[in-house]
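Engineer:
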Amino acid sequence: MAVVPNIEEPSESSTFLDPSTLQTVFEATKTMVDTLSGVHPAATIAWGFLSIGFEVLKNQCDKEDAIWNLYKDMISTYEEFSKDDILKEHDRFRGIYDCLFKQTIECAFFMKGYTNKSVIGRLVTMNISDQAEKFSHAFAGLKSQLSMELSKESVIVTLGVQKNVDIQAMRDRLRDLQPPKELRPKSKCMQGTRVATINHIVSWIAQCDGKVMWCNGLAGTGKSSLTGTLHDLLTTDFGGRSRLAAFIRYDRIEYRSATELITTIAYSLGMFDDRIGTAISRVIQSSRTVVTMSDPSAQFRLLLRNPLESIPDLVEGGPLVIIVDGLDECDISEELLAVLAEGFGPKLPFMRLIVTSRPVHHIAMALKGKSCVYPLYLDTSFKAVNDDIHFYLEHKLATIGDNVFQEKCTELDAVNELTERASGLFIWAATVVKFVHASPGISRLQALLDTEPPRDATEALTTLYRTSLDTLVSEPGANMDIKKYVRSVLGAVLVTRTPPGMTESVLDNIVLRGEGSPPSRHIVSMLGSVLSPQAKDSPIQIIHKSFDDFLQDQGRSGDAWFINVALHRQAIAEQSRIASKSFLETWSPTNNMVIGAVPAYISNYALFGRFWYSDFDKSDIELFTSFFRPHFLPWLDIVIVDGDILHFEIMDTICRQLGLTRLLLKVNIRDSKLIHHVLQISTVFYHHLHYASQESPLIGKVTLECMKAFNKSSFPEEPMDNSNLHINGVVSVHAFPTQSGTKDQYVYKITNTTSVPLYISMLCFDVSLLRVYSVYQPEGVNNPLPPGKLWTSYRNTFLINEGQDVDVSFLKLFFSTEYVDLSAIIHPAPTGRSFGLQVLPLTWEIPSRCHTMCVPLVQRRVAGTLYDTSSRGRA
1 MAVVPNIEEP SESSTFLDPS TLQTVFEATK TMVDTLSGVH PAATIAWGFL
51 SIGFEVLKNQ CDKEDAIWNL YKDMISTYEE FSKDDILKEH DRFRGIYDCL
101 FKQTIECAFF MKGYTNKSVI GRLVTMNISD QAEKFSHAFA GLKSQLSMEL
151 SKESVIVTLG VQKNVDIQAM RDRLRDLQPP KELRPKSKCM QGTRVATINH
201 IVSWIAQCDG KVMWCNGLAG TGKSSLTGTL HDLLTTDFGG RSRLAAFIRY
251 DRIEYRSATE LITTIAYSLG MFDDRIGTAI SRVIQSSRTV VTMSDPSAQF
301 RLLLRNPLES IPDLVEGGPL VIIVDGLDEC DISEELLAVL AEGFGPKLPF
351 MRLIVTSRPV HHIAMALKGK SCVYPLYLDT SFKAVNDDIH FYLEHKLATI
401 GDNVFQEKCT ELDAVNELTE RASGLFIWAA TVVKFVHASP GISRLQALLD
451 TEPPRDATEA LTTLYRTSLD TLVSEPGANM DIKKYVRSVL GAVLVTRTPP
501 GMTESVLDNI VLRGEGSPPS RHIVSMLGSV LSPQAKDSPI QIIHKSFDDF
551 LQDQGRSGDA WFINVALHRQ AIAEQSRIAS KSFLETWSPT NNMVIGAVPA
601 YISNYALFGR FWYSDFDKSD IELFTSFFRP HFLPWLDIVI VDGDILHFEI
651 MDTICRQLGL TRLLLKVNIR DSKLIHHVLQ ISTVFYHHLH YASQESPLIG
701 KVTLECMKAF NKSSFPEEPM DNSNLHINGV VSVHAFPTQS GTKDQYVYKI
751 TNTTSVPLYI SMLCFDVSLL RVYSVYQPEG VNNPLPPGKL WTSYRNTFLI
801 NEGQDVDVSF LKLFFSTEYV DLSAIIHPAP TGRSFGLQVL PLTWEIPSRC
851 HTMCVPLVQR RVAGTLYDTS SRGRA
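In this text, residue positions in the sequence shown follow UniProt numbering: the first is 1, and each later residue adds one.
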């Protein structure tokens, strides 16, 4: 061990830094960390940095007095915390111990940043004495807390202190960057496993070199579990503040488009730190086209690198980590891969980018051997990996409360034998545990142990999945046709790649319709080791991609378990047709006018099955419209004109009376995905539009005015015509083609005439395009509209489309005495750049405390103006 030599200090310090004393403190501290590592995840990491600190000071040439003093104070603090009488009561002082470890990590970042700079660099960018003194005070404060028996979880954070951020305001500024979907971590490592790998990654994060880490390995090697563990670690246990600036996970079913990766990272960074958010929002304000740029290199530079480089304070704040999990699960382009391979560059050494994937060809070609990429291969042959799997299996099998099973495990040396067959794959071990946990566990365990140890990881998974499936369908009491039903369920789950996904109701009423078919719940339960069951907000899914790969590879699965997705797709399309026809034959137009009376498997699945799984033509539309025209969507009808082009007829009475009879959307009859989107969006659109509060005491207490403004200024306070255009419950304005040089401008006024503050939102429901956008929303819980006060909008110009003389929207006001965030109702039209990525909006139950007022907005083309081919909008 390296020992720091004595320096000119008071005698007490000299004694403390004596080699023998320091060695004693070192050993006591190590014992303390070993004792607490189980309950304090940050302890092991703190110890790693503390150990590095010894080496850092040993090799430091200029020996700054401030650094030596800080080191002395840190070690002195650990001496106090490692005393036996304190350590015995570590539960009592848990909060202070957490603070100690987090403060140590913060200090390590400072020391590492100091040692990685040149002498001139230190003089230019860091005030060593001031920074070190702050840390010394922090450690002194922790000692004081301990001596006063205070156990508050309050850490003196000396670096990276962020301003309080108005979350709502930030969300508004960065809304254009918000990703279409955000997935949480999929899983995390069991405590006590992958320790060496996690510490290796953490040590890499501490290096200030600006590189990219590519964590790669075969399917099942635990990449997602590692990132899940890092997610929690970086958020809560990694210094005095969160270090996780962005976490993005891709999934082949739920979220697979990487087109918006850069904007998603920018959004996450902006939400993480107000300084970064402000810098990024300035870029968007100066050029909104940056959001839709097709050049990923330029977009990365403008949205990420330049804003980050404009904030010098970030350099001294320690590392910020961005994790992208499952890069092989998305359709990433070669151009975007090339951008990721370059990382954030030498000017942003504090930025850390970690990406995970299988070593698939296109990703390996982009990242392997690049100077800025640090590869971390999860080698299944490492002894540490097998030790972790052995530990995992031993722990999990021990939880099976069956003495006979436990005796059999001992007799068969099950843990060692299973570890050998796992071939370093954590997904293999996890699948086995689920498989044998279900009864009959002993026969299932025996079946697995009867197989030969595999030659490699792929063979391990092939043998596991074949053995598991064969065992399931041959167990005592199994129906002779059970294999057919299992194959049908697996095929249905594989086929269902589009919303709403496969559910038990769909399986029972469409896939397993035959007489004598078992309930789907039984089949899904049987397959519990490879399928995740239906949950409140997620359908039945395959747990791991390795099982998906096995089922679709006939060479591995064989004829017995090979799933031909194309054939299953055709079968489900036909089953959907039969189920739809059977339902419509019993449907009563007179008695069943409520949408809720329609079974979900019909309205959400069977009727759309023909769109998803087969070629759709004019003959199919009759079945569809015979149901939708009078009953399911009474506000919308489908008509076929212009060959194979579908038009949507608006059946809403008010719209038709005011002159709007058809949506602007036109869809090719073979574009089944867009047809489905239009119909589902229209359902959500009209559900929210038709929501009305019952017997509201606030009716008439909020007034809406619309006035024509003089064309002199864009500001509302300039002179305007005081004639209120809200007449007899309708607002009427002039609309112009975009090419028109002069356009009328209008201003809204909302007045709260009550005696209490109200939270008022006004959304515009654009019927022609089925979009909902915000006209006004309060900026958070602290911004109600005071009693007797009014809000005035910025100026609005209304545009008209080619082929339209009139357009109709609805201005819907929501008001309440409590704050309600209505952003979930807002959504774009089902067309344009983001359509392919767009997450379908969901029906959102508006709180009953929300009172409403709805006013039609009629936009009429000014006589004499030309039509324009541009899409309509709002200036």
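Even glycine gets a Cβ: it sits at the ideal position worked out from N, Cα and C. In this text, all values refer to a predicted model and were calculated from it rather than measured experimentally.
Between which two residues does the beta strand (DSSP E) containing residue 852 stretch?
Structural biologist: 851-861
Engineer: Would you mind sorting residue 727 into buried or exposed? The rule is 16 or more other CB atoms within 10 Å of its CB.
Structural biologist: exposed
Engineer: If you drop the 5 nearest sequence neighbours on each side, which residues of the same chain put their C-beta closer than 7 Å to that of residue 462?
Structural biologist: 550, 556
Engineer: Measure the alpha-carbon distance for residue 330 versus residue 677 and round it to whole angstroms.
Structural biologist: 22 Å
Engineer: Rounded to a whole number of angstroms, what is the C-alpha to C-alpha distance between residue 285 and residue 242?
Structural biologist: 28 Å
Engineer: Using a Cβ distance threshold of 8 Å, determine whether the stretch 308-317 contacts the stretch 183-201, with at least three qualifying pairs required.
Structural biologist: Flag = no, the stretch 308-317 and the stretch 183-201 do not touch.
Engineer: Taking 8 Å as the cut-off, does the stretch 365-380 touch the stretch 397-413 (at least 3 CB pairs, one atom from each stretch)?
Structural biologist: no
Engineer: Return the CA-CA distance between residue 429 and residue 392, expressed in angstroms with no decimal places.
Structural biologist: 8 Å
Engineer: Less than 8 Å separating the beta-carbons of residue 322 and residue 245?
Structural biologist: yes
Engineer: Under the assumption that residue 579 contacts residue 510 (Cβ atoms under 8 Å), give the Cβ distance between them as a whole number of angstroms.
Structural biologist: Contact holds; Cβ gap of about 5 Å.
Engineer: Could you work out which residue in 451, 459, 464 is closest to residue 433 when comparing CA atoms only?
Structural biologist: Relative to the Cα of residue 433, the nearest Cα in the group 451, 459, 464 belongs to 464.
Engineer: Go through its chain and collect everything with a Cβ distance to residue 796's Cβ below 6 Å, but skip five positions before and after it.
Structural biologist: 746
Engineer: Using 8 Å as the cut-off, can you tell me whether the stretch 295-313 makes contact with the stretch 251-269, which would need three or more C-beta pairs spanning the two stretches below that distance?
Structural biologist: yes
Engineer: Give the DSSP-derived three-state secondary structure of residue 107 in the structure shown.
Structural biologist: helix
Engineer: Answer with buried or exposed for residue 778, where buried requires no fewer than 16 other C-beta atoms within 10 angstroms of its C-beta.
Structural biologist: buried
Engineer: Spatial neighbours of residue 863 within its chain, please: CB distance less than 8 Å, with the 5 preceding and 5 following residues excluded, ordered by chain position.
Structural biologist: none
Engineer: Any idea what DSSP makes of residue 246, helix, strand or coil?
Structural biologist: strand
Engineer: Looking at the unbroken beta strand (DSSP E) that takes in residue 274, where does it start and where does it end?
Structural biologist: Here residue 274 belongs to no beta strand (DSSP E); instead the alpha helix (DSSP H) covers 274-286.
Engineer: Per DSSP, what kind of secondary structure is residue 544 in: helix, strand or coil?
Structural biologist: When secondary structure is reduced to three states using DSSP, residue 544 falls in the coil class, being assigned neither helix nor strand.
Engineer: Between which residues of its own chain and residue 829 is the CB-CB distance below 7 Å, once the five residues before and five after are set aside?
Structural biologist: 769, 770, 771
Engineer: Pairing CB atoms from the stretch 377-387 with CB atoms from the stretch 172-182, are three or more of them under 8 Å?
Structural biologist: Here the stretch 377-387 makes no contact with the stretch 172-182; the two share fewer than three CB pairs at distances below 8 Å.
Engineer: Answer yes or no: do residue 765 and residue 685 have a C-beta to C-beta separation smaller than 8 Å?
Structural biologist: yes
Engineer: Near residue 341, which residues of its chain fall below 8 Å by C-beta distance, leaving aside the five closest residues on each side in sequence?
Structural biologist: 212, 366, 367, 370, 372, 373
Engineer: Taking Cβ to Cβ, would you say residue 501 is nearer than 8 Å to residue 533?
Structural biologist: no
Engineer: Pick helix, strand or coil for residue 166, following the three-state DSSP scheme.
Structural biologist: Unreliable placement is indicated for residue 166, whose pLDDT of 44 sits below 50; no coordinate value is reported for it.
Engineer: Return the chain-ordered list of same chain residues with a C-beta closer than 7 Å to the C-beta of residue 755, the five sequence neighbours on each side being excluded.
Structural biologist: 787
Engineer: Can you give me the C-alpha to C-alpha distance between residue 688 and residue 845, rounded to a whole angstrom?
Structural biologist: 8 Å
Engineer: For residue 568, count the other beta carbons within 10 Å of its own beta carbon; 16 or more makes it buried, fewer makes it exposed. Which is it?
Structural biologist: buried
Engineer: Is the beta carbon of residue 706 less than 8 Å from the beta carbon of residue 759?
Structural biologist: Note that the C-beta distance between residue 706 and residue 759 is not below 8 Å.
Engineer: Tell me, which residues are paired with residue 707 by DSSP?
Structural biologist: For residue 707, which the question treats as bridged, DSSP gives the partners 747.
Engineer: In chain order, which alpha helix (DSSP H) runs of at least 4 residues are fully inside the stretch 460-534?
Structural biologist: Listed in chain order, they are 482-495, 520-526.
Engineer: Three or more C-beta pairs closer than 8 Å, one from the stretch 332-339 and one from the stretch 246-262: is that the case here?
Structural biologist: These segments touch.
Engineer: According to DSSP, which residues form a beta bridge with residue 758?
Structural biologist: Beta bridge pairing from DSSP links residue 758 with 785.
Engineer: Quick check on the DSSP output: the alpha helix (DSSP H) that includes residue 216 runs from which residue to which?
Structural biologist: Here residue 216 belongs to no alpha helix (DSSP H); instead the beta strand (DSSP E) covers 212-216.
Engineer: Determine the DSSP secondary structure at residue 199, reduced to helix, strand or coil.
Structural biologist: helix
Engineer: Do residue 447 and residue 528 have their C-beta atoms within less than 8 Å of each other?
Structural biologist: no
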